[in-house]
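Residue numbers for the sequence shown follow my numbering, so the first one is 1 and each next one is one higher.
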Amino acid sequence: MTKIRCLAGFLLSYPSLTKVTNFLLIGFYISASFTASAQNQKPKPPSWAAPQEMSAAQRENFPAPLLEELGRIKEAALGDDYAYQVVAHLTQNIGPRPSGSAQAEAAVDYVAEELRRLGLEVRLEEVKVPHWVRGAETARLVEYPGQVPGTAQKIVLTALGGSTATPAEGLEADVVVVNNFDALRALGREKVAGKIVLFNEVFDKQKAEAGLTFYAYGEAVRYRGAGPRAAADLGAVAALVRSVGDADFRLPHTGWSFPAGIPAGAVTAEDAELMAHLAAQGKIRMRLTLTPQKLEDVVSHNVIADLKGSEHPEEMVVVSGHLDSWDLGTGAIDDAAGVAVAMEAAELVQKLKLRPRRTIRVIAWMDEESGGAGSKTYDKEHVGEFPRHVAAIESDSGAAHPLGFEAKLSKEAVEALRPAADALESIGANVLRESAYAPGADIAGMSEAGVPTLGIMQDGRTYFHYHHTAADTLDKIVPGELRENAAALAVMGYALAATKNPLPR
Ligand SMILES: [Zn+2]
């Protein structure tokens with residue numbers, strides 16, 4: 001974690017947020033469906049009057065037998081419940097998997113055992129992870145305009161990851177409500193010191209409903225990430241943020257926050273509204289109790305499993321998701337689903353007895369949610385292999401219907417990969433949208449080292465209803481949609497491992 005204070009730098013420096021910034025900078029990639037013919041090297045303008053044709057290079061990489069295999073993988077995925085069974089076990093049997101927990105380590109063992117059973121070469125890679133455990137978390141307003149004598153208003157909240165603790169009996173302080181960082185700065189130290197600051201940044205539901213969910217998330221999550229530190233810098237005794245999410249079920253959303261040295265929590269949107277309403281009328285005062293603990297770091301693991309390539313086993317295609325989760329729910333959509341579809345990619349290739357030229361490497365990352373120790377370790381240990389990492393894919397935006405892939409690729413690579421995306425057209429997962437940043441926190445380091453990266457682009461409209469809440473549970477996954485995700489990842493992963501020529505950089 002770098003100590004960059006400016007927000008833009010902060011967003012870019014924290015890997016979990018890179019997927020957010022992708023959405024700030026993307027332009028729609030209009031697919032080059034109308035490719036220049038092999039005979040004519042000059043690019044032709046798009047034509048809606050001509051059928052789509054593969055270029056000579058695309059035909060060389062995607063001969064009919066490979067296209068037929070991609071079709072078989074897709075069909076097999078649409079009738080396969082392997083990924084669902086994996087998600088069910090990870091969530092219902094094992095449960096929440098925060099970094100450093102016994103459940104996270106049980107998940108490591110379960111995923112490793114499953115991948116061994118599928119015939120992959122499995123390795124556990126040691127990762128030192130933080131171990132933070134939630135404690136009591138209660139809050140009530142003890143003074144506010146119109147208060148009925150002898151009563152208090154309950155405030156529903158949860159601690160943010162890494163939060164420090166209040167005294168066991170809690171602390172009591174006046175609350176100041178601000179809508180943004182400018183408003184906090186305008187108050188200055190004089191009006192902030194000794195107070196509890198509430199950042200009441202509203203999640204933009206209209207953007208989310210229009211499909212710009214991650215843009216809305218990017219705007220709001222800055223307050224979760226940087227708000228507590230900004231409040232602490234002006235002498236606040238605690239910081240609260242309005243939950244970063246868009247459902248109206250009075251659910252608090254936890255998440256990572258830059259260590260601020262003061263207790264930090266997220267209140268529900270409803271409770272943020274309540275406090276803003278009362279604060280506009282006069283003084284409000286809160287008793288706040290948060291008693292999380294930061295324990296000793298723990299040795300945990302990335303699970304790395306290779307399905308060896310037949311011709312170029314040293315060349316890798318990474319398919320991945322992250323195994324750790326937040327502790328409030330059971331981490332179904334974030335991100336047991338991602339791990340499960342990556343595992344199913346290997347399961348399908350084995351079941352259909354296919355053998356790609358290159359190695360398909362399944363990775364279940366550890367500690368994406370609280371610092372990214374797993375991917376940082378991998379980047380350090382494997383940087384020498386990155387020139388032979390042909391591509392890396394991560395699924396970490398939920399389990400809803402896939403629309404295609406976000407891709408941080410060169411123009412040549414997008415063009416080269418077009419037939420693989422086209423193979424997913426029948427399930428609507430054929431968009432290849434160019435991204436300025438790696439579409440996944442765990443593959444961001446690889447991307448910076450020049451490895452082409454892709455992320456499944458799910459329909460994100462409901463993702464932030466449940467993200468990082470107690471409601472991220474198995475029932476939020478629609479089995480048919482998870483099967484489509486498995487199809488998308490398996491087809492794309494296999495294509496990258498099977499083409500004659502590796503993906504251009
Ligand atoms: Zn995630």
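Just so you know, even glycine gets a beta-carbon here, dropped at the ideal spot from N, CA and C.
Values in this document were obtained by computation on a predicted structure and should not be read as measured data.
Please find out if some non-hydrogen atom of ligand 1 comes closer than 7 angstroms to the beta-carbon of H253.
no
A498 - DSSP class collapsed to helix/strand/coil
helix
Residues bridged to M286 [DSSP beta-bridge criterion]:
L141, A173
Alpha-carbon to alpha-carbon, N430 and D422:
5 angstroms
Under the rule that 16 or more other beta-carbon atoms within 10 Å means buried, what is W48, buried or exposed?
exposed
Identify every residue that forms a DSSP beta bridge with Q293.
V133
Rounded to whole angstroms, what is the Cα-Cα separation between R97 and S55?
46 angstroms
I need the DSSP call for G95, collapsed to helix, strand or coil.
coil
Distance between V298 and A164 (C-alpha atoms, nearest Å):
Sequence inspection shows Thr at residue 164; the Ala mentioned does not correspond to that position. Using only the alpha carbons, I get a separation of about 19 angstroms.
Would V431 pass as an interface residue toward chain B - the criterion being a Cβ-Cβ separation below 8 angstroms?
The question asks about chain B, but that chain is absent: this structure has only one protein chain.
For E273, which of helix, strand or coil comes out of DSSP?
helix
Using a threshold of 7 angstroms, is the CB atom of H322 nearer than that to any non-hydrogen atom of ligand 1?
yes
For K408, the three-state DSSP class (helix, strand or coil)
strand
Can you tell which of V244, L234, M275 has the C-alpha that lies nearest to the C-alpha of G261?
L234
At a cut-off of 7 angstroms, is D396 close to ligand 1 when judged by its beta-carbon and the heavy atoms of the ligand?
yes
Cβ-based burial, N200 [other Cβ within 10 Å; buried from 16]
buried
M316 and R222 - do their beta-carbons sit closer together than 8 angstroms?
no
Below 8 angstroms, how does it come out for the segment 331-341 and the segment 84-97: are there three or more Cβ pairs, yes or no?
yes
Of the residues N501, A487, A497, K500, the one placed nearest G71, counting alpha carbons only:
A487
Reduced DSSP category for Q85 - H, G, I as helix; E, B as strand; rest coil
helix
Assuming V303 contacts A391 (C-beta within less than 8 angstroms), just tell me the rounded distance between them.
Not quite, the Cβ-Cβ distance comes to about 19 angstroms (not below 8 angstroms), so this is no contact.
Please report the distance separating the alpha-carbon of K500 from that of A471.
45 angstroms
Can at least three beta-carbon pairs, one atom from the segment 122-130 and one from the segment 365-383, be found at a separation below 8 angstroms?
yes
With E214 as the anchor, note down where its alpha helix (DSSP H) starts and where it stops.
The displayed chain sequence assigns Phe, not Glu, to residue 214. Start and end: 213-233.
So the candidates are T469, A77, H468, V491; which of them puts its Cα closest to the Cα of L454?
V491
Assuming V142 and E172 are in contact, meaning their beta carbons sit under 8 angstroms apart, how far apart are those beta carbons, in whole angstroms?
7 angstroms
Can you name the start and end residues of the alpha helix (DSSP H) that E425 belongs to?
That residue, E425, is in no alpha helix (DSSP H); it is neither H nor E in DSSP.
Compare the C-alpha of E68 against each of E385, L352, L240, T359 and name the closest.
L352
Quick one: what's got a C-beta closer than 7 angstroms to G227's C-beta in the same chain, skipping five residues either side?
F199, A239, V241
Could you check if E506 belongs to the surroundings of ligand 1, using beta carbon to heavy atom distance under 7 angstroms?
Because residue 506 is not part of the residues shown, which for the chain are 1 to 505, the question remains open.
Continuous beta strand (DSSP E) stretch holding K154: start and end
153-155
Report the CB separation of G331 from T91 in whole angstroms; it is logged as a contact under 8 angstroms.
7 angstroms
Have a look at I26 and Y110 and give me their C-alpha separation to the nearest angstrom.
Because I26 sits at a pLDDT of 37, beneath the cut-off of 50, its placement in the model cannot be relied upon, and the following sentence gives the value as read from the coordinates. Cα to Cα, I26 sits roughly 37 angstroms from Y110.
For P51, which residues of its own chain have a beta-carbon under 6 angstroms away from its beta-carbon, when the five flanking residues on both sides are left out?
none
Quick check: A416 and A112, are their CB atoms within less than 8 angstroms of each other?
no
Between the Cα of I363 and the Cα atoms of I477, E344, R355, which residue gives the shortest distance?
E344
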